[in-house]
Structure formats: C-alpha cells, structure tokens
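Down below is the structure, laid out as structure tokens.
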Amino acid sequence: MTTRKIKKTIVRCLLACTCVLLLGSVAALTTQAKTTKHKVKKAPQYFSITNTYDAGNETFITNVYEMNFKTKKMKLVGSVPYTSQYPLATYVKRENKIYYSACAKDGRGDELFVKDLKTGVSKQLTHKFFAINYIIDMGKQLFIGAVTRGDDDIIHPFFYSKKTKKLKDIQVTKDFFVSCANRNPLTNELYVAGYLNADDRWSFEHQTKDADMLGIKHFIYKFTGKKFKKLYTQGNCYYKSMTVSDKGLLFKWRRTYSAKKAHMSELSLNKKKNLCNDFSFPQSELNNMPHDGLIYADKKNIYYIRYSEKSDRDQFCQYDRKKKKVKVLYTAPKLSAINNAQIY
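Now the structure itself:
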C-alpha cells in the first residue's frame, strides 16, 4: 500500500482507464470565496492523522486519529470506509466531524463526504469531482484540490462553503495544476504551489533516456480571501511537499520528477522582498518523505511523515532543529499506511 498521493502520471492513467464510466462535463463556478475571520493562535492544538489498513475480505478501512500538539498523546476519533482512489480525511474537533474522500454514490468518481461522529451518519457533500487530492479545513469553508468529472488531469483549487453547501472555483492562473497545499494553523492562511499543466505535458513528452521528466517552472501562491497572490517562482524543479515555518514556508523539491536526491528550501516571507535559501535537513529523512509529507514547522521542531526502511512502515516524526535528532511519534501498524496528516 503506497503512502504517496495520486501523482500526475497516475491521474493520467486513471482518466484513460476503460473501467471508468462516462464522465459528464460540469461547468466550474467562478465566484469569489472569503476566508474565515480567524484569531491568531499562540500555538496549534492538534494533528489530524489518517491511517488506512486492510481489514480482510477485500475491505479497507480509514482510521482518523487526533494527536494532541502539546502532549503528543494520540486517540482514535473515528473510522470511515476506504473506497476512494486515494483516501484522504481530516478531523475537525470543534464540529466533531470527519471530512473525507470516498467513491460517489453514482460510482462515477470520488467526492467529498462528512461523517458526524455524534450520530455516526455520513453524507455526500459534492457531485462534481473525479479525484480529490486535498481536503483542508479553514473554518467556515474547506479547501479542496481536485480533478473534476469530464475534465483533463488538472488538480484545481475549490472552496466548499459549509453554510451554503456550494463549491466555488477560484482560478490561480489558467492551466494551473496544484501540486502542494497547506494552511497556517495560527493565522488560517492558505498557501498553494504548482505549475502550468502545459509545461508538465511538455516535460512528459520529452522524457530523458532514463524515463525521467525534466524540472519545470513552479509557483507559490497565498490565498488573500478574494484571489491568489504570487509569492515566489522557481525554475527547473518539481515540488513534492510544502508547509509553513516560523519564517515563512518550507518546501521539498527535486531537480527532475524522479531525481534520487531531494532538496529542502525555506522561503522567508518579508513585506519588502521574499527570500529563498537552502534549508539543512537530514538527507535520509528527506529522501524517505512521501509526497506532501511535510506537515508543520516551528522554531523548535519539524513534523513530517516518513517511510522507515528498517521497520517497513510509515511513521509520523518530529525533528528537533537544535539537537538535530529525530523522534518517532507514531508508527503505523503493519500492512497499513499514513495517508495524510494536518495540523489545527
């Protein structure tokens, strides 16, 4: 069982798969979304961690855990069936609900669902998507990174209003593919990174002799409440993960799509000028970090998901920046995977 997100090439294959039923074309909404007014927190409260496992008899289950940020104590809050192409879930404590991806009732793709943990009742919320790659709670709304039904293989940014039950599509730029997304738990600010699909398509069509894709230009944006504002541009790369840090943003990248060596950089967000510099992080940890494995970073620690070759399991880890030591906070059971984690 893989811990990696649906990658570009996988999405491309899934869209061409003959077992998929006819996908209807759905027009995207283009109205604006407003960010939730959010009081700045002194510290995050908890991590939401998603673990999937084989329950036998061709049945798979997604368990959702809450890990207290201060004590690091962990507890199971709920479970949902694993029926989507890639199982994503996030626990919203103040609502006592789990938002997750699952196969639509009509079987034509993956949609956004919610499970009320008090009543145990699950409900399908959307009827537009083919595949979902991101579900991030932002208070009154959810950020959704998804491929729409009848669309090409582009992951678009959407906002789902919990009040109106409607989706809003706010384009970053035309042909923009969301490759990474994360939220600042203290300020509720949303950041996305990605590239132009045309550039990626060119790289795919001009692969090297080793069947690798050359790096392309990537962009980082901040959602201002009405639109996406460009913060940074980097050429000849592929971003693999991104999270907020005490200075701005940390992101993992490779010079080509499948390059063996990964790199870490920190983008310092400054009112006058945003500066990007190399960031020191253990190479072995970086290479074993899956796509979207970076979860959060503060002045003391970096939290992330890694694959342990020694135990052959996924682990949720804490890296002490001063002592330069790794501490394992959670190890997934055998024959299971940590599919995603978020901080609130």
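Position one of the sequence shown corresponds to residue 1372 (my numbering), numbered consecutively onward. Just so you know, even glycine gets a beta-carbon here, dropped at the ideal spot from N, CA and C. Since the structure is predicted, the reported quantities are computational estimates derived from the model, not experimental observations.
Taken through DSSP and simplified to helix, strand or coil, F1650 comes out as coil. Listed as beta-bridge partners of F1501 by DSSP are no residues whatsoever. The Cβ neighbour count for T1461, taken over all protein chains shown within 10 Å, is at least 16; the residue is labelled buried. Look at the segment 1512-1594 and you find these whole runs of beta strand (DSSP E), each 3 residues long or longer: 1512-1519, 1527-1532, 1538-1540, 1547-1554, 1561-1567, 1587-1594. Under the three-pair Cβ rule at 8 Å, the segment 1574-1581 does not count as touching the segment 1594-1601.
Rounded to the nearest whole angstrom, the C-alpha separation of G1516 and E1437 is 23 Å. L1557 and V1615 have their C-alpha atoms some 10 Å from each other. Rounded to whole angstroms, the gap between the alpha carbons of L1646 and P1704 is 41 Å.
Secondary structure at L1706: coil, using DSSP grouped into helix, strand and coil. Contact between the segment 1663-1678 and the segment 1687-1699 is present, with at least three C-beta pairs closer than 8 Å.
Residue pairing by DSSP places P1415 in no beta bridge whatsoever. For S1679, the enclosing beta strand (DSSP E) stretches over residues 1672-1679. Of the residues N1504, S1419, G1565, the one whose Cα lies closest to the Cα of V1543 is G1565. Each residue's CA atom was taken as its position, placing F1514 and I1506 some 6 Å apart. Annotation: the continuous beta strand (DSSP E) that includes A1460 extends over 1460-1463.
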